[in-house]
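In the UniProt record's numbering, the protein residues as written are 1 to 515. In this text, a Cβ means the ideal position worked out from N, Cα and C, and glycines have one as well. In this text the structure is predicted, and so the values were computed from the model without any measurement. For reference, the structure is listed below as structure tokens.
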């Protein structure tokens with residue numbers, strides 16, 4: 001959700017109400033409608049993204065939707081959508097499959113979804129959400145899910161027509177509208193969002209160049225070996241790469257004509273996409289007097305410094321960490337939803353894992369795969385096949401898994417993520433057995449059997465056993481399994497692993513029938 005910066009409205013006394021309407025002078029309802037003789041608890045969520053829906057559904061799971069008078073406030077004009085799949089929308093034939101829930105879901109659960117609605121602050125004493133319109137919405141429980149905003153670099157000319165950030169559904173629509181075959185498109189930023197934007201523009205037939213200030217792509221997630229192979233695959237898509245270039249100015253008049261670098265060189269451009277990272281959106285929290293550091297400070301229950309106010313997602317800082325990936329945010333949402341509903345729960349942090357989904361590229365990284373191999377405590381196990389685009393690397397610190405990179409075959413991703421998080425605090429991940437090390441080093445070795453208890457979908461906490469049960473019950477496709485179990489319904493990074501379980505079941509069934 002985007003939040004406008006406006007002067008904080010003067011606090012309005014909240015004690016007085018209109019006896020006839022039960023509303024404050026600014027129009028906020030004082031209580032929810034009674035059901036069975038009791039007032040429903042008022043749950044107000046500030047922000048309309050993935051975290052918002054996840055928190056609400058978690059609260060509903062512990063106390064049904066009829067227990068709550070639920071309001072979701074979103075600054076965007078679009079209903080909540082899957083931001084992880086936003087790259088699907090930058091295409092000559094965009095896949096409009098990103099809505100998180102159909103309109104019927106909001107009606108069925110009596111959720112008041114308010115779009116294009118901006119929040120000024122929370123009055124944490126009166127327990128009211130103050131809108132920029134002046135309206136006040138009372139709450140019993142409030143959750144801040146304002147997410148993040150693009151981190152705008154200090155580049156001159158950012159306001160020129162033809163300069164587009166890449167963060168929202170509206171941004172994707174703008175890119176589709178502006179790009180044309182043969183256009184000269186420059187993407188500033190070589191991280192995950194920049195790569196996804198570049199791939200979509202290349203699919204349109206644009207001539208695309210990625211400009212990155214670092215010496216390799218995705219340097220926060222990848223070691224040099226994986227980055228080199230990724231760069232090779234990106235170039236195969238027809239995308240050019242410029243490294244260690246500092247963009248100083250975007251040049252043009254009525255429209256963009258190019259970008260100028262700090263060394264004086266220029267690159268002709270008709271369209272410039274800015275994907276240089278994100279920053280937590282915490283302005284509402286700050287205006288509300290809620291404690292913040294880099295993001296909103298939360299405890300293990302995701303509670304903020306204000307009573308009855310939680311924060312979840314990219315706007316929250318837990319034990320010094322701000323998570324920008326969906327699996328940790330999904331785990332936060334489950335904890336917050338439980339505690340909001342009065343069920344004790346706790347969030348202990350999450351391993352960092354990234355899945356990159358660009359046409360033709362499957363890549364996974366977790367932990368700290370770039371560990372310094374000059375350190376005598378660090379060993380590495382590597383398998384590379386550049387012909388097939390396969391790369392596997394484990395970094396081991398004193399025998400424990402410190403990080404991993406997979407490219408091509410991601411069948412070991414779930415197991416490696418669990419191992420990264422599975423060791424004692426302060427000593428890295430869990431000890432890696434020889435069988436797994438051999439599987440990594442062997443490259444094309446037979447896949448390891450996946451135990452029923454192993455988590456396949458970390459976003460929605462779906463195990464291999466649950467997926468196998470759904471397949472045995474009649475699910476025949478990825479979409480069927482997603483509908484039945486939720487697997488692959490979060491970030492989508494586990495889709496190939498779900499499909500592998502489907503394929504094994506199909507092969508086994510065919511073999512049994514032949515016998």
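Cβ contact (3+ pairs, closer than 8 Å) linking the region 89–100 and the region 167–177: Counting Cβ pairs under 8 Å, three or more are found: they touch.
Segment limits, alpha helix (DSSP H) that includes residue 52: In the chain shown, the residue the question calls residue 52 occupies position 52. Per DSSP, residue 52 belongs to the alpha helix (DSSP H) from 50–62.
Going by DSSP in three states, residue 76 sits in which element: helix, strand or coil? Residue mapping note: residue 76 aligns to position 76 of the chain shown, counting from 1. Looking at residue 76 - three-state DSSP - the assignment turns out to be coil, as it is neither helix nor strand.
Can you tell me whether residue 216 is helix, strand or coil according to DSSP? One-based indexing of the chain shown puts residue 216 at position 216. Looking at residue 216 - three-state DSSP - the assignment turns out to be coil, as it is neither helix nor strand.
Per DSSP, cross-strand counterpart(s) of residue 403: By 1-based counting over the chain shown, the position of residue 403 is 403. Note: residue 403 sits in a beta bridge opposite 367 and 395.
Looking at the structure shown, is residue 324 part of a helix, part of a strand, or coil, going by DSSP? Numbered from its first residue, the chain shown carries residue 324 at position 324. Residue state for residue 324 is assigned as coil, using DSSP reduced to three classes.
Grab me the residues of residue 488's own chain with a C-beta within less than 8 Å of its C-beta, minus the 5 sequence neighbours each way, in chain order. If you number the chain shown from 1, residue 488 lands on position 488. Counting only Cβ-Cβ distances below 8 Å, and skipping sequence neighbours, we find 457, 478, 481, 482, 494, 495 and 498.
I'd like the list of long-range same chain contacts for residue 266, defined as Cβ closer than 8 Å, with 5 residues on each side in sequence excluded. Taking the chain shown and counting its residues from 1, one reaches residue 266 at position 266. Hits under 8 Å: 251, 258, 259 and 260.
Flag residue 226 as yes if its beta-carbon sits less than 8 Å from any beta-carbon of chain C, otherwise no. The structure shown has no chain C; it contains just one protein chain.
Local Cβ density within 10 Å of residue 196, reported as buried at 16 or more and exposed below that: Along the chain shown, one-based indexing puts residue 196 at 196. Buried is the call here.
Validate contact between the region 93–104 and the region 272–288 using beta carbons, cut 8 Å, 3 pairs: The region 93–104 is not in contact with the region 272–288.
Taking the alpha-carbon of residue 369 as reference, which of 276, 222 and 275 has the nearest alpha-carbon? The count along the chain shown starts at 1 and reaches residue 369 at position 369. That would be 222, whose Cα lies nearest to the Cα of residue 369.
Bounding residues of the alpha helix (DSSP H) (the contiguous stretch that carries residue 284): By 1-based counting over the chain shown, the position of residue 284 is 284. Looking at the DSSP string, the run of the alpha helix (DSSP H) that includes residue 284 is 283–287.
Closest Cα partner of residue 206 within the set 302, 177, 219 and 212: The residue given as residue 206 occupies position 206 in the chain shown. Restricting attention to 302, 177, 219 and 212, the CA atom closest to the CA of residue 206 is found in 177.
Pairs of beta-carbons, one from the region 214–230 and one from the region 398–408, closer than 8 Å: are there three or more? In short, these stretches touch, since the Cβ pair count reaches three.
With 16 other CB atoms within 10 Å as the buried threshold, where does residue 342 fall? Counting from 1 along the chain shown, the entry for residue 342 is found at position 342. So residue 342 ends up on the exposed side.
Expressed to the nearest angstrom, what Euclidean distance is found between the alpha-carbon atoms of residue 396 and residue 355? Start at 1 with the first residue of the chain shown, and residue 396 comes out as number 396. Start at 1 with the first residue of the chain shown, and residue 355 comes out as number 355. Distance between the alpha carbons of residue 396 and residue 355 is about 21 Å.
Since residue 100 sits in a beta bridge, which residues does DSSP pair it with? For the purposes of this step, residue 100 is taken as the residue at position 100 of the chain shown. Partner(s): none; residue 100 has no beta bridge.
Quick one: using the 10 Å Cβ neighbour count with 16 as the cut-off for buried, is residue 146 buried or exposed? The count along the chain shown starts at 1 and reaches residue 146 at position 146. Per the 10 Å Cβ criterion, buried.
Over what stretch of residues does the beta strand (DSSP E) that includes residue 306 continue unbroken? The sequence position of residue 306 within the chain shown is 306, counting from 1. For residue 306, there is no enclosing beta strand (DSSP E), since its DSSP letter is neither H nor E.
Whose CA, out of 45, 64 and 60, lies closest to the CA of residue 80? In the chain shown, residue 80 corresponds to position 80, counting from 1. Out of 45, 64 and 60, 45 has the C-alpha closest to the C-alpha of residue 80.
Who pairs with residue 138 in a beta bridge, going by DSSP? Here residue 138 refers to the residue found at position 138 when the chain shown is read from its first residue. Per the DSSP secondary-structure output, residue 138 pairs in a beta bridge with 128.
Below 8 Å on the Cβ atoms is my guess for residue 329 versus residue 51; work out the distance and round it to an integer in Å. As a working note, residue 329 is residue 329 in the chain shown. As a working note, residue 51 is residue 51 in the chain shown. At roughly 5 Å, the Cβ-Cβ gap stays under 8 Å, so residue 329 and residue 51 are in contact.
Given this structure, state the Cα-to-Cα distance separating residue 325 from residue 463, to the nearest angstrom. Within the chain shown, numbered from 1, the residue matching residue 325 stands at position 325. Within the chain shown, numbered from 1, the residue matching residue 463 stands at position 463. Residue 325 and residue 463 have their C-alpha atoms roughly 20 Å apart.
Cβ pair count under 8 Å reaching 3, the region 136–154 against the region 236–243: No, because fewer than three Cβ pairs between the region 136–154 and the region 236–243 fall closer than 8 Å, the two stretches do not touch.
Would you mind working out which of 75, 56 and 289 sits nearest residue 518, comparing C-alpha positions? An answer regarding residue 518 cannot be provided, because it is not within the stretch 1 to 515 covered by the chain.
Is the beta carbon of residue 345 closer than 8 Å to that of residue 331? Within the chain shown, residue 331 is the residue found at index 331, counting from 1. Within the chain shown, residue 345 is the residue found at index 345, counting from 1. Not a contact, by the Cβ cut-off of 8 Å.
Measure the C-alpha to C-alpha separation of residue 122 and residue 202 and round it to an integer number of angstroms. The count along the chain shown starts at 1 and reaches residue 122 at position 122. The count along the chain shown starts at 1 and reaches residue 202 at position 202. Within the model, the alpha-carbon separation for residue 122 versus residue 202 is close to 44 Å.
Give me whichever residues DSSP pairs with residue 211 in a beta bridge. Here residue 211 refers to the residue found at position 211 when the chain shown is read from its first residue. For residue 211, which the question treats as bridged, DSSP gives the partners 188 and 242.
Find the nearest neighbour of residue 434 within the set 401, 455 and 245, judged by alpha-carbon distance. Reading the chain shown from its first residue, position 434 is the one you call residue 434. With distances taken between Cα atoms, residue 434 lies closest to 401.
Can you check which of these residues, 411, 375, 436 and 467, is closest to residue 394 by C-alpha distance? Residue numbering aside, residue 394 sits at position 394 when the chain shown is read from its first letter. Checked all of 411, 375, 436 and 467; the closest Cα to residue 394 is 436.
Extent of the continuous alpha helix (DSSP H) run through residue 260: Position 260 of the chain shown holds residue 260. From DSSP, residue 260 is part of no alpha helix (DSSP H) but of the beta strand (DSSP E) over 256–261.
Sub-8 Å separation of residue 256 and residue 188 beta-carbons: Taking the chain shown and counting its residues from 1, one reaches residue 256 at position 256. Taking the chain shown and counting its residues from 1, one reaches residue 188 at position 188. Their beta carbons are not under 8 Å apart, which means residue 256 does not touch residue 188 by this criterion.
With 16 other Cβ atoms within 10 Å as the buried cut-off, status of residue 298: Here residue 298 is taken as the residue at index 298 of the chain shown, counted from 1. By the 10 Å Cβ count, residue 298 comes out buried.
What is the C-beta distance between residue 322 and residue 314, in whole angstroms, given that I count them as a contact (C-beta under 8 Å)? Residue mapping note: residue 322 aligns to position 322 of the chain shown, counting from 1. Residue mapping note: residue 314 aligns to position 314 of the chain shown, counting from 1. Indeed, because the Cβ distance is near 7 Å, the residues count as touching under 8 Å.
When the distance is taken between beta carbons, is residue 156 closer than 8 Å to residue 249? Working through the chain shown from its first residue, we reach residue 249 at position 249. Working through the chain shown from its first residue, we reach residue 156 at position 156. In this structure, residue 156 lies closer than 8 Å to residue 249 by Cβ.
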